[in-house]
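So in full-length UniProt numbering the end of the sequence shown lands on 570, straight run, no missing numbers. First up is the structure itself, then whatever we jot down about it.
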Amino acid sequence: MQPRDTQVLPIAPETTVYRSRTWERLKFEIEYGLQRGTTANSYLIQGEKTALLDPPGESFTEIFLESLKQRISLASIDYLILGHVNPNRAETLKAFLKLVPDVTIVCSNPAAMSLHQLLGENAVHYRVIKGEETLDLGNGHHLEFLLTPTPRWSDQLCTYDPKTKILFTDKLFGAHVCGEQIFDEGWQVYQEDRRYYFDCLMAPHASQVGTILERFKGKSANTYGTGHGPIVRYGLQALTNAYQEWITQQQQQGVKVALLYASAYGNTATIANAIARGVTKAGVAIESINCEFTDPETIKSVLQKTSGFIMGSPTLGGHAPTQVQTALGIVLSTAETSQLAGVFGSYGWSGEAIDILEQKIKDAGYRFGFDPIRVKFKPTDSTLKYCEEAGTDFAQKVKRKQKKQIARQSVSDSLAARTEQALGRVVGALCVVTAKKGELANGMLASWVSQATFSPPGLTVAVAKERAIESLMYVGSPFVLNILPEGKQLQKHFMKNYAPGEDRFANVETEEAENGCPILTQALAYIELQVENRMECGDHWLVYGVAKAGKVLDPEKVTAVHHRNSGSHY
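See below:
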């Protein structure tokens, strides 16, 4: 494993990037799930006055400050500009302020309020940004500030430098990937990482992100100074267009779910993101609401347009925070009892807030879409996977309920029906796709499988977006295609609807393939593959894998084939 380090390079006149890098998975949060490392990008602008933007979190405190001290006098830094604030970054701020006590912190009002709690009010100088204000550093660096709040980052502040045309975007347009490239040359190779990052962090706030992009149009930026991953220059327009497309996809979903939460130490927000990821995977839009920064009228307005709601809370002193209690009152008085409900939360020593939410919602007559989720301290990988699956399960139930409410007109003789019947006659071998990453393992029954190439030997598998295994099948990931023999035993086992977190391989004989994924020993044959590419196709991902090994286990048996009467469902 390579050590953590700081990569430093001038990127524009008087502007330098400090990229704190790690090839490890930095946190147990769903946006780090691809496990490709990350960079925390900080920027130094040296005009007549000097500004430092976005120092990294405590994982990089020592190496970042040491790198900074080797290149400049810390006393020369006049301003510390913060795109957002969290407890992790606060540890670096404390160390920095000991070295530069007279620096002026430039941030949004919500960020200043958080800093008062994290740092205390003594001997800290603030310039609080409350609108579209500017800061003149001299030498043409006349910085322009934009307040860009979202439910997760209510304090987010972006900064634009007209001289260099760099828009410092904080969390927007980032990716958790680590490498030697500072800019995004060959930007297409990062598209999957950026899409995953968007789906995890931006999709739950699509409407707010769309509003932010509209404001960005007023700036003539040629570079996005991102908070994570390569700096965006070569693929700027393509990435901007992609964000617009992904936002439109979210906004056009016919069903919407409200996700309301507060988070004392970040753990409840992490769980909320995992649940939101599961909901959006299933083709349901989600409106994420941070109760700490959302007024009652907005909460009420959102609930009137949703088909379900999910509430999350930490436990503080045996109770839910006041903001969550207020939101609960609005939910109970606004949301129709026909809406599906969900409850989750994190806690340290007790979890009374979760119990209170569950009981109040149950007493009001709502039906739950998943069992209440209780997480002690920080969630693990397996916990986050469970939360994601719970979100997907919730979304599927909401969709099924909506379908029942819509009267379906008979179209048996229509062109559409005839097309569906013809499409259903395309048959495929019945297989079970298995994948594993760390402690997470999953399996999926599949019949949309086809050989795609001779050299290299490869095949494609269509994976529905809401499938739990989809998260384990990104480029570079191993998987096994288990080809089933005729017979019902294995088919029946993998056809069932699994509960969130349920073991797909219980009571099934398996052995480990060379690539680490499960082989079903009762399969007719198996092929070990590695994901080479993915293509988004409507409600499925088409995954292309290259075969690395394989074996026929029972040459006497015949491959099971899936016959369908309709092309509109499996």
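C-beta atoms are modelled at their ideal positions from N, C-alpha and C, and glycine is treated no differently.
| query | result |
| --- | --- |
| C517, DSSP secondary structure in three states | coil |
| Classification of K385 by the beta-carbon crowding that lies within 10 angstroms, buried from 16 upward | buried |
| Reduced DSSP secondary structure (H/G/I, E/B, other) of G33 | coil |
| Spatial distance of I212 from F309 (CA atoms) | 25 Å |
| Within 8 Å, strictly: CB atoms of T306 and A262 | no |
| Backbone CA spacing between D363 and G345 [nearest angstrom] | 19 Å |
| Other residues of its chain near E420: CB distance less than 8 Å, five sequence neighbours each side excluded | S566, G567, S568 |
| Own chain, CB closer than 6 Å to K300, minus 5 neighbours either side, in chain order | I330, T334 |
| N- and C-terminal bounds of the beta strand (DSSP E) containing M535 | 525-537 |
| Between the CA atoms of A285 and V398 - distance to the nearest angstrom | 11 Å |
| Straight-line Cα distance separating T104 from T134 | 15 Å |
| Where N290 falls, given that 16 or more other Cβ within 10 Å makes a residue buried | buried |
| Pairwise C-alpha distance: E388 and K557 | 38 Å |
| Coarse secondary structure for D5, derived from DSSP in three states | strand |
| Distance, F368 Cα to I354 Cα | 14 Å |
| Spatial neighbours of Y190 in its chain, beta-carbon cut-off 8 Å, leaving aside the 5 residues before and after | A175, V177, D184, G229, P230, G235 |
| Coil, strand or helix - R215 by DSSP | helix |
| Assigned exposure category for H116 - 16 Cβ within 10 Å defines buried | exposed |
| N- and C-terminal bounds of the alpha helix (DSSP H) containing R71 | 61-71 |
| For D295, the three-state DSSP class (helix, strand or coil) | coil |
| As assigned by DSSP and simplified to three states, the class of K437 | strand |
| Same chain only: Cβ atoms within 6 Å of T460, ignoring 5 sequence neighbours per side | S450, A452, L542, Y544 |
| Cut-off 6 Å between Cβ atoms - residues of its own chain near P372, not counting five sequence neighbours on either side | V343, I354, E358 |
| Close beta carbons around T510, own chain, < 7 Å, minus the five adjacent residues each side | P518, I519, L520, T521 |
| Neighbour flag for I30 against chain C, beta carbons, 8 Å | No chain C is present in this structure, which holds just one protein chain. |
| C-alpha gap between A40 and A395, whole angstroms | 33 Å |
| Collapsed DSSP secondary structure at E192 in the structure displayed | helix |
| Neighbourhood of W187 by C-beta, 6 Å cutoff - its chain only, sequence neighbours within 5 removed | Y234, G235 |
| Per DSSP, the bridge partner or partners of N290 | Y261 |
| Whole-angstrom distance between R277 and A203, CA atom to CA atom | 8 Å |
| Continuous beta strand (DSSP E) assignments of at least 3 residues falling wholly in the segment 419-505 | 431-437, 440-446, 449-453, 458-464, 478-483 |
| Residue from Q250, R374, Y196, P13 whose Cα sits closest to the Cα of Y32 | Y196 |
| Own chain residues within Cβ distance below 7 Å of Q409, not counting five before or after | The pLDDT assigned to Q409 is 43, lower than 50, so where the model puts this residue is not dependable; a value taken from the coordinates is nonetheless given after this. Correct list: empty, nothing qualifies. |
| Among G550, K217, G179, S471, nearest to R36 - alpha-carbon criterion | G179 |
| Helix, strand or coil at G342 [DSSP, three-state] | strand |
| Whole-angstrom distance between N88 and F28, CA atom to CA atom | 14 Å |
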